[in-house]
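In our numbering, the protein residues as written are 1136 to 1797.
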């Protein structure tokens, strides 16, 4: 799906146009989420229903957004990022049109659900930046994309207030629909389709099971406050979702082209960054939940300032503004100090700001200043997170890996809403006939957000020493990825080696891309174009393979055979010579048994080489044993063991047994 004509601008100008277009999509996504929020108190009367039913207008958007992210981002990696971005935008625009023309609650909820598909635009847009922009501009592009989310949220609140005051409520859908059409046209004209497409068959089974599991968990989290946290429905949904996720993980490990590459997601850099995203999503949304309460609750509550919807939105606007101001600063910090340090600094700013807000939330300037400082820290972390993910995953999985990271952030925000509802329900105060959440309950949310931010900072500290698996080479120009090469890794017996990792480097040694094979041994790597590359293949327990290969765009690299299985071998003897039938056991120093073998007629044994580490190798018969400390470090070992006289423990045991008989 190529643009109908080229834009007559320099490559530099084109980069800025791409960034502006993608950032506008982020603005639309956040705008459609926040526009409806200030109108929720009035919608029950406007739609002739209850407040509980109206709450589905928010739940449907978050729910369908969450379940669409893994599917859309995986399809983007397989069949084209621009294509899936336009599909998501089209669904969002159609949802806006349906909402603008509907007065029935069911249709309006359906419209909001369709709008929720737009949440997948953010990770796909970030992945497009990796393909489209010069590498030095990717951090700024990602930072501006993250800033656009806050800018849209900040603009949505006062805009919704204006709509509530002067227009029909359907205007919230007309606004998102018109802006969505503009963005759709801009994406069609500006964005090139990415050549990095892995193709293959889509994991329908994984998508169905994962969607059902995620739906159950998200419903339990988002509706638990309404249904009751101990209600049968909430507990049943949560339990069913967790059980399905437990089933889903091994399912994804066995399937080709999984919906989520669990092996890559389990790698320490990726896992830790995703955990930080979950915590920071919670911390970020606590700011968006508590700050409007402090501004909008009546003065009679004892701590609220009594502002109306429009005034509250205007006072919240600086949060979106600080995101835009901080974006270029975040990009500079990422380039100069790295995304890990930027993540650490942002998380610490958030934690410190939340602690300060516990003691300084008495006046409007204190509330707004605290919220802006939290926003500044959030902007830094949200710029660093996608950068860390893209440097830690293969190029061919940029969209899906960012999708999982974004999904965890949304789960964090949903958890913040659930915690806020639970805390404010448990601690309330009554003033005349009105009931408000207590000030202590809101401060508790601040403490929880500070703890989440601090934990994310500790995670950032722990990954400072982890070198990113993917660093862009200085030899690679902007718009660097031009093709995908595929292959397979097998053993001599033609069985797939599932834990193999294939790394492609230039002839000067700069890394181009890497890939972890799937359950069938297949892999895909992105290359700048046809040429000669160094291909290194390694798998735990196997002798590595390296070769210079002429890789051709969109061609199959063929099969890479790993010939030699790394082993621990040796001979067990006693004073009389080789000992047949002895048992050899390898245990970790922490006590777990790893492998067992028995010696053959000439006293020899063989066992697979375990992961690198320190072990104890023990050989024994019914009368004697011998043990030896072993360090495994990437190569086959030959370890001979000699059994001497029976050990003291064995002799003592024999004497005890004899005494018992007597």
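Even glycine gets a Cβ: it sits at the ideal position worked out from N, Cα and C. Note that the coordinates shown come from a computational prediction; the quantities given were computed from them, not determined experimentally.
message: Could you tell me which whole beta strand (DSSP E) segments of length 3 or greater appear in the segment 1727–1755?
response: 1728–1733, 1739–1743 and 1748–1755
field: Residues of its chain near residue 1240, where Cβ-Cβ distance is below 7 angstroms and the 5 sequence neighbours each way are ignored
entry: Looking up residue 1240 in the chain shown gives position 105. Excluding residues within five positions, the ones whose Cβ falls inside 7 angstroms are 1182, 1184 and 1188.
task: Give every residue of the same chain whose Cβ lies closer than 8 angstroms to the Cβ of residue 1735, excluding the five residues on either side of it in the sequence, and list them in chain order.
output: Residue mapping note: residue 1735 aligns to position 600 of the chain shown, counting from 1. So the list reads 1715, once near-sequence residues are dropped.
- prompt: Which whole-angstrom value describes the C-beta separation of residue 1695 and residue 1672, a residue pair presumed to lie in contact below a C-beta threshold of 8 angstroms?
  reply: Stepping through the chain shown from its first residue, residue 1695 is reached at position 560. Stepping through the chain shown from its first residue, residue 1672 is reached at position 537. About 5 angstroms separates the CB atoms of residue 1695 and residue 1672; that is less than 8 angstroms, so the two are in contact.
message: Whole angstroms are fine: how far does the CA of residue 1193 sit from the CA of residue 1588?
response: Position 453 of the chain shown holds residue 1588. Position 58 of the chain shown holds residue 1193. Using only the alpha carbons, I get a separation of about 26 angstroms.
query: Where do the N-terminal and C-terminal ends of the alpha helix (DSSP H) with residue 1257 fall, by residue?
result: Residue 1257 sits at position 122 when you count from the first residue of the chain shown. Note, residue 1257: alpha helix (DSSP H), 1256–1267.
task: Alpha carbon to alpha carbon, how far is residue 1760 from residue 1713? Give it in angstroms, no decimals.
output: Within the chain shown, residue 1713 is the residue found at index 578, counting from 1. Within the chain shown, residue 1760 is the residue found at index 625, counting from 1. When rounded, the distance between both Cα atoms is 15 angstroms.
- request: Quick one: using the 10 Å Cβ neighbour count with 16 as the cut-off for buried, is residue 1272 buried or exposed?
  value: Taking the first residue of the chain shown as 1, we reach residue 1272 at position 137. The residue is buried, with at least 16 neighbouring Cβ atoms inside 10 Å.
- prompt: CA-CA distance, residue 1432 and residue 1469?
  reply: Along the chain shown, read from residue 1 onward, the residue named residue 1432 stands at position 297. Along the chain shown, read from residue 1 onward, the residue named residue 1469 stands at position 334. Each residue's Cα considered, the two are about 39 angstroms apart.
- prompt: So, is residue 1216 buried or exposed, given that buried needs 16 or more other C-beta atoms within 10 angstroms?
  reply: Your numbering for residue 1216 matches position 81 in the chain shown. Looking at its Cβ environment, which holds 16 or more other Cβ atoms inside 10 Å, residue 1216 is buried.
task: Quick one: residues in its chain with C-beta nearer than 8 angstroms to the C-beta of residue 1252, no 5 flanking neighbours on either side, listed in chain order?
output: Mapped onto the chain shown, residue 1252 falls at position 117. Same-chain partners within the cutoff: 1199, 1200, 1203, 1207, 1223, 1226, 1227 and 1230.
query: Looking only at its own chain, which residues have a Cβ that is under 6 angstroms from the Cβ of residue 1425, when we skip the five neighbours before and after it?
result: Locating residue 1425 in the chain shown gives position 290, counting from the first residue. Counting only Cβ-Cβ distances below 6 angstroms, and skipping sequence neighbours, we find 1577 and 1580.
query: Between 1434, 1238, 1701 and 1221, which lies nearest to residue 1318 when the distance is taken from Cα to Cα?
result: In the chain shown, counting from the first residue as 1, residue 1318 sits at position 183. Ranking 1434, 1238, 1701 and 1221 by Cα distance to residue 1318 puts 1221 first.
field: Check whether residue 1674 and residue 1635 have beta carbons under 7 angstroms apart
entry: What you label residue 1674 is simply residue 539 of the chain shown in a count that begins at 1. What you label residue 1635 is simply residue 500 of the chain shown in a count that begins at 1. Their beta carbons are under 7 angstroms apart, which means residue 1674 touches residue 1635 by this criterion.
task: For residue 1690, name the three-state secondary structure that DSSP assigns.
output: Working through the chain shown from its first residue, we reach residue 1690 at position 555. In the structure shown, residue 1690 sits in coil (DSSP, three-state: anything other than H, G, I, E or B).
message: Cutting at 8 angstroms between CB atoms, please list the residues of its own chain near residue 1655, excluding the five before and the five after it.
response: Within the chain shown, residue 1655 is the residue found at index 520, counting from 1. Excluding sequence positions up to five before and after residue 1655, its CB lies within less than 8 angstroms of the CB of 1391, 1623 and 1631, all in the same chain and listed in chain order.
query: Taking the Cβ atom as the reference point for each residue, do residue 1756 and residue 1762 lie within a distance shorter than 7 angstroms?
result: If you number the chain shown from 1, residue 1756 lands on position 621. If you number the chain shown from 1, residue 1762 lands on position 627. Contact flag unset, no.
- request: On the DSSP bridge assignment, give the partners of residue 1666 in chain order.
  value: Locating residue 1666 in the chain shown gives position 531, counting from the first residue. Beta-bridge pairing links residue 1666 to 1686.
query: Do the segment 1652–1670 and the segment 1409–1420 touch if we need at least three Cβ pairs shorter than 8 angstroms?
result: By the criterion of at least three beta-carbon pairs nearer than 8 angstroms, the segment 1652–1670 is not in contact with the segment 1409–1420.
- request: Can you tell me which of the three DSSP states residue 1613 falls into?
  value: Position 478 of the chain shown, counted from the first residue, corresponds to residue 1613. A caution first: residue 1613 carries a pLDDT of 44, below 50, which makes its placement in the model unreliable, though a value can still be read off. Residue state, collapsed to three classes: coil.
query: Looking at C-alpha atoms only, which residue of 1639, 1505 and 1644 is the closest neighbour of residue 1686?
result: Here residue 1686 corresponds to residue number 551 of the chain shown, with the count starting at 1. For residue 1686, the closest of 1639, 1505 and 1644 by C-alpha to C-alpha distance is 1639.
- prompt: Hey, how far is the Cα of residue 1775 from the Cα of residue 1706?
  reply: Numbered from 1 along the chain shown, position 640 holds the residue referred to as residue 1775. Numbered from 1 along the chain shown, position 571 holds the residue referred to as residue 1706. Taking the straight line from one Cα to the other gives about 5 angstroms.
Whole-angstrom C-beta distance between residue 1542 and residue 1516, which should lie under 8 angstroms: The residue labelled residue 1516 in the question sits at position 381 within the chain shown. The residue labelled residue 1542 in the question sits at position 407 within the chain shown. Between residue 1542 and residue 1516 the Cβ distance is about 17 angstroms, and since that is not below 8 angstroms, they are no contact.
query: Mapping DSSP to helix, strand and coil, what is residue 1625?
result: On the chain shown, residue 1625 is found 490 positions in, with the first residue counted as 1. Three-state DSSP puts residue 1625 in a strand.
Supposed contact pair residue 1219 and residue 1163 - C-beta distance, whole angstroms, cut 8 angstroms: Counting from 1 along the chain shown, the entry for residue 1163 is found at position 28. Counting from 1 along the chain shown, the entry for residue 1219 is found at position 84. Their Cβ separation, rounded to whole angstroms, is 16 angstroms, which puts residue 1163 and residue 1219 out of contact at 8 angstroms.
query: So, is residue 1699 buried or exposed, given that buried needs 16 or more other C-beta atoms within 10 angstroms?
result: Taking the chain shown and counting its residues from 1, the one referred to as residue 1699 is at position 564. By the Cβ-count criterion, residue 1699 is exposed, with fewer than 16 other Cβ atoms from all chains shown falling within 10 Å of its own Cβ.
- prompt: Smallest Cα separation from residue 1255: which of 1196, 1337 and 1651?
  reply: Sequence index remark: in the chain shown, residue 1255 carries index 120 (1-based). Checking every option, the nearest Cα to that of residue 1255 belongs to 1196.
field: residue 1263 classed as buried or exposed, judged by whether at least 16 other C-beta atoms fall within 10 angstroms
entry: As a working note, residue 1263 is residue 128 in the chain shown. A residue is called buried once 16 or more other Cβ atoms fall within 10 Å of its Cβ, and residue 1263 is buried on that count.
Residue burial classification, residue 1814 (beta-carbon count within 10 angstroms, cutoff 16): Residue coverage of the chain in this structure runs from 1136 to 1797, which leaves residue 1814 outside it and unanswerable.
- prompt: With burial defined as no fewer than 16 other Cβ atoms inside 10 Å of the residue's Cβ, what is the status of residue 1494: buried or exposed?
  reply: Here residue 1494 refers to the residue found at position 359 when the chain shown is read from its first residue. The residue is exposed, with fewer than 16 neighbouring Cβ atoms inside 10 Å.
field: Contained alpha helix (DSSP H) runs [length at least 4] in the segment 1359–1433, N- to C-terminal order
entry: 1367–1389, 1397–1400 and 1403–1431
message: To the nearest angstrom, how far is the alpha carbon of residue 1548 from that of residue 1653?
response: Taking the chain shown and counting its residues from 1, one reaches residue 1548 at position 413. Taking the chain shown and counting its residues from 1, one reaches residue 1653 at position 518. Linking residue 1548 to residue 1653 through their CA atoms gives a straight-line distance of about 32 angstroms.
- request: At 3 residues or longer, and completely inside the segment 1293–1320: list those beta strand (DSSP E) runs for me, N to C.
  value: none
query: Can you name the start and end residues of the beta strand (DSSP E) that residue 1571 belongs to?
result: Within the chain shown, numbered from 1, the residue matching residue 1571 stands at position 436. For residue 1571, the enclosing beta strand (DSSP E) stretches over residues 1569–1572.
message: According to DSSP, is residue 1326 part of a helix, a strand, or is it coil?
response: Locating residue 1326 in the chain shown gives position 191, counting from the first residue. In this structure, residue 1326 counts as coil in the three-state DSSP scheme.
task: Alpha carbon to alpha carbon, how far is residue 1213 from residue 1519? Give it in angstroms, no decimals.
output: For the purposes of this step, residue 1519 is identified with residue 384 of the chain shown, where counting begins at 1. For the purposes of this step, residue 1213 is identified with residue 78 of the chain shown, where counting begins at 1. Distance between the alpha carbons of residue 1519 and residue 1213: 25 angstroms.
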